[in-house]
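Visitor:
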Amino acid sequence: FQASGETGRLVQRDIFSLVHEDDRDQFSQTLAYLVVSERQRMEPQEIKITTLLGQTRLVRTEGVQLIGMWWQLDFLVLAGSTA
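Numbering (my numbering), first residue to last: 20 to 102.
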């Protein structure tokens, strides 16, 4: 994924391109459930991401709904997460 050096935010990329292919279905289902159930907070969960260099990292992600379909998602790399 690409992040802005100034803000650390994704730049013109789909969030699903960041999520490792093994976890995309689960992550997609989680987001769909949040939208349908009108929840405003995503509980922490562990998923794998793929970096621009093709490395896999295990992260803990959680999020909060900002407005409408806009969410702020936080990703914390877990120690020793090289997969």
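No residue lacks a Cβ here, since even glycine has one placed at the ideal position from N, Cα and C.
Should the region 51-60 be regarded as contacting the region 71-79, the criterion being three or more beta carbon pairs within less than 8 Å?
Guide: no
Visitor: Does at least one heavy atom of the ligand MG sit under 7 Å from the Cβ of His39?
Guide: This structure simply doesn't include the ligand MG, nor any ligand for that matter.
Visitor: Taking C-beta to C-beta, are Gln91 and Gly82 nearer than 8 Å?
Guide: yes
Visitor: Identify whether Thr49 lies in helix, strand or coil by the three-state DSSP scheme.
Guide: helix
Visitor: Count the other CB atoms, across all protein chains shown, that sit within 10 Å of the CB of Val96; report buried if there are 16 or more and exposed otherwise.
Guide: exposed
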